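Chemist: Position one of the sequence shown corresponds to residue 86 (our numbering), numbered consecutively onward. We treat Cβ as the ideally placed atom computed from N, Cα and C, and that holds for glycine. Keep in mind that this is a model prediction, so the values were computed, not measured. Here it is, the structure in full.
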Amino acid sequence: GRLIIERLNDRSDFLEAQAALQLEARMAELSKGKLSYPQTGPLHWTTDSFDEAMAESAAVWRRAGITLNGMIQARGIPYLHGLQPNQYFPGTRTLTEWEKDNAYNGDPESEFYRPLSEGYAYFTNEIPALKNAGVPIVNLTDYLGDPPITIYSDNFSHFNHDGNRLLAEAVVKAVSDILP
Numbered sequence: 086g087r088l089i090i091e092r093l094n095d096r097s098d099f100l101e102a103q104a105a106l107q108l109e110a111r112m113a114e115l116s117k118g119k120l121s122y123p124q125t126g127p128l129h130w131t132t133d134s135f136d137e138a139m140a141e142s143a144a145v146w147r148r149a150g151i152t153l154n155g156m157i158q159a160r161g162i163p164y165l166h167g168l169q170p171n172q173y174f175p176g177t178r179t180l181t182e183w184e185k186d187n188a189y190n191g192d193p194e195s196e197f198y199r200p201l202s203e204g205y206a207y208f209t210n211e212i213p214a215l216k217n218a219g220v221p222i223v224n225l226t227d228y229l230g231d232p233p234i235t236i237y238s239d240n241f242s243h244f245n246h247d248g249n250r251l252l253a254e255a256v257v258k259a260v261s262d263i264l265p
């Protein structure tokens, strides 16, 4: 019996690895000439409407936060849900000259401009529902202010060392606020 279980486990591991390779290959094929899956997330929606797709995405994010909070807190571990800032969401902060030239793609036709500029409002609109569900959340778009330093390293919302430091400070403060 034990040998059969070991063989089944080995077969299961093999099949999972094969499925992961096939999925990765298919995602690469779907995103040929486009942004990659890690940059865009799922390429499917239940609608062709931008507004409905953003609302759906934000609802998935909200439900995931509620689920994670419940699972993690059930084990006695504090949980903090966060919304990462990006340089496209209006009113977040003033960009430095370097960021304007190197870390900002203002082309409304780019694949990520509209979701990051207009779509982020759908996520911020979910914050009250998360709070009402008891999910500790920090909206990190509120924490960057207007420091006279460059914090973005590219045009896809990745941070440089200074940006990561500012985010880390904001997360530490938010965590200290939820701990007893």
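Which of the three DSSP states is assigned to residue 198 in this structure?
Modeler: If DSSP states are grouped into helix, strand and coil, residue 198 belongs with the helices.
Chemist: Counting only runs that start and end within the region 158-214, where is the alpha helix (DSSP H) found for 4 or more residues in a row?
Modeler: For the region 158-214, whole alpha helix (DSSP H) runs of length 4 or above, ordered along the chain, are 182-187, 198-202 and 205-209.
Chemist: Do the region 246-255 and the region 217-235 make contact, defined as three or more Cβ pairs closer than 8 Å?
Modeler: Judged by Cβ distances under 8 Å, the region 246-255 makes contact with the region 217-235, as three or more pairs qualify.
Chemist: Are the CB atoms of residue 234 and residue 165 within a distance shorter than 9 Å?
Modeler: No. Outside cutoff.
Chemist: Taking residue 245 as the reference, give the member of 137, 202 and 188 with the closest Cα.
Modeler: Selected option, being the one with the closest Cα: 188.
Chemist: What first and last residue would you give for the alpha helix (DSSP H) that runs through residue 263?
Modeler: Element bounds for residue 263: 246-263.
Chemist: How is residue 217 classed by DSSP in three states: helix, strand or coil?
Modeler: Three-state DSSP puts residue 217 in a helix.
Chemist: Could you check how far apart the C-beta atoms of residue 172 and residue 242 are, in whole angstroms? I think they sit under 8 Å.
Modeler: Residue 172 to residue 242, Cβ: 6 Å. Contact.
Chemist: Is it true that the CB of residue 162 sits closer than 9 Å to the CB of residue 218?
Modeler: No, these two residues do not count as a Cβ contact at 9 Å.
Chemist: Looking at the structure shown, is residue 236 part of a helix, part of a strand, or coil, going by DSSP?
Modeler: DSSP places residue 236 in coil when its eight states are reduced to three.
Chemist: Report the residue from 154, 183, 212 and 148 whose alpha carbon sits nearest the alpha carbon of residue 238.
Modeler: Residue 183 is the option with its Cα nearest to residue 238.
Chemist: Residues bridged to residue 224 by DSSP?
Modeler: Answer by DSSP bridge pairing, in chain order: 168.
Chemist: Find the nearest neighbour of residue 209 within the set 201, 224 and 200, judged by alpha-carbon distance.
Modeler: Here the closest residue by C-alpha is 224.
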